[in-house]
Amino acid sequence: MNVFRILGDLSHLLAILILLAKMWRSKSCAGISGKSQVLFALVFSTRYLDLFFVFISLYNLVMKVIYLLCSYITIYMIYGKLRKTYDRENDTFRLEFLLIPVIGLSFLENYDFIPTELLWTFSIYLEAVAILPQLFMISNTGEAETITTHYLFFLGLYRALYLANWIWRYHTEKFYDQIAIISGVVQTIFYCDFFYLYITKVLKGKKLSLP
Amino acid sequence: EDEKTIKDEL
Chain A
84 MNVFRILGDL SHLLAILILL AKMWRSKSCA GISGKSQVLF ALVFSTRYLD
134 LFFVFISLYN LVMKVIYLLC SYITIYMIYG KLRKTYDREN DTFRLEFLLI
184 PVIGLSFLEN YDFIPTELLW TFSIYLEAVA ILPQLFMISN TGEAETITTH
234 YLFFLGLYRA LYLANWIWRY HTEKFYDQIA IISGVVQTIF YCDFFYLYIT
284 KVLKGKKLSL P
Chain B
1278 EDEKTIKDEL
């Protein structure tokens, strides 16, 4: 495990906790795409099925359980406890436009045609695009709360750090996983435009609003 | 096989 990997995982965890803290403290999930959160729960649920079959390490197990739990608590907050504050009029991304291509691609490009492997592949492809409903929602409303932008920043930073991790692993272990790498590159690209706005606006104390 | 089915990354 290298420093990029650890920082990537911590960045991912921080993003998830920022989102939960925002909802908990403001008692509101305004500006958060429930659809993106459902996709992330689906990503974790299909990828971490190996919790039942293999033990990799205590770290691996604990992190997976935390991600899964937080993800389901987030969904409960949006569609349960805080549903009155959920901005469903602006959360209009059509999920079938993501799910159908992602299912198709996981059947076409995978390492092995067995259920666990197909579900893992599906989760990797889905993660790459799962943030799109959230970004679409921001472009619908034209703005995002600063705390939401911190969430997005750390969520994007996580996969960018994983790219550094994969480069490191390739050079030190000759290990590479082309499905994860290509999807990770695509995933990171989706955040680039946002990173630019975050650095030029949010870090200078301005609210993120689109022209 | 093993390298592909055991994924240590999150």
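In order, the protein sequence lines correspond to chains A and B.
Just so you know, the numbering used here puts 229 at position 146 of the first sequence, and the rest follows in order with no gaps.
Just so you know, the numbering used here puts 1278 at position 1 of the second sequence, and the rest follows in order with no gaps.
For every residue, glycine included, the Cβ atom is placed at its ideal position computed from N, Cα and C.
Nothing here was measured: the structure is a model prediction, and the numbers come from that model.
When the cut-off is 9 Å and only beta carbons count, does Trp203(A) lie next to chain B? yes
If you follow the alpha helix (DSSP H) that Thr168(A) is part of, which residue opens it and which one closes it? Taken as a continuous stretch (DSSP letters only), Thr168(A) belongs to no alpha helix (DSSP H), as it is neither H nor E.
Let me know the alpha helix (DSSP H) ranges lying completely inside the segment 199 to 280 of chain A, each 4 residues or longer, listed in chain order. Listed in chain order, the complete alpha helix (DSSP H) runs (minimum 4 residues) inside the segment 199 to 280 of chain A are 215 to 224 and 229 to 256.
Segment limits, alpha helix (DSSP H) that includes Val148(A): Here the alpha helix (DSSP H) through Val148(A) covers Leu141 to Tyr159.
Grouping DSSP H, G and I as helix and E and B as strand, with all else coil, what is Leu188(A)? helix
Tell me whether the segment 180 to 187 of chain A and the segment 86 to 103 of chain A touch, counting them as touching only if at least three CB pairs, one residue from each stretch, are closer than 8 Å. no
Per the DSSP calculation, Ser116(A) is bridged to which residue(s)? Partner(s): none; Ser116(A) has no beta bridge.
Along chain B, which residues have their Cβ under 7 Å away from the Cβ of Asp92(A)? Leu1287
On the DSSP bridge assignment, give the partners of Ser292(A) in chain order. Glu226(A)
Count Cβ pairs between the segment 142 to 160 of chain A and the segment 235 to 252 of chain A that sit closer than 8 Å; are there 3 or more? Output reads no: the segment 235 to 252 of chain A does not touch the segment 142 to 160 of chain A.
Within its chain, find whatever has a CB closer than 8 Å to the CB of Asp1285(B); leave out the 5 residues flanking it on each side and keep chain order. none
I'd like the list of long-range same chain contacts for Met106(A), defined as Cβ closer than 8 Å, with 5 residues on each side in sequence excluded. Cys112, Ile115, Thr157, Met160, Ile161 and Leu165
Met106(A) touches chain B at which residues, Cβ-Cβ below 7 Å? The CB of Met106(A) never comes closer than 7 Å to any CB in chain B; the least such distance is about 23 Å.
Look at the alpha carbon of Thr271(A) and the alpha carbon of Phe136(A), and state the distance between them as a whole number of angstroms. Approximately 30 Å between the Cα atoms of the pair.
Determine, using beta carbons only, whether Arg242(A) comes closer than 9 Å to chain B. No, Arg242(A) does not count as interfacial toward chain B.
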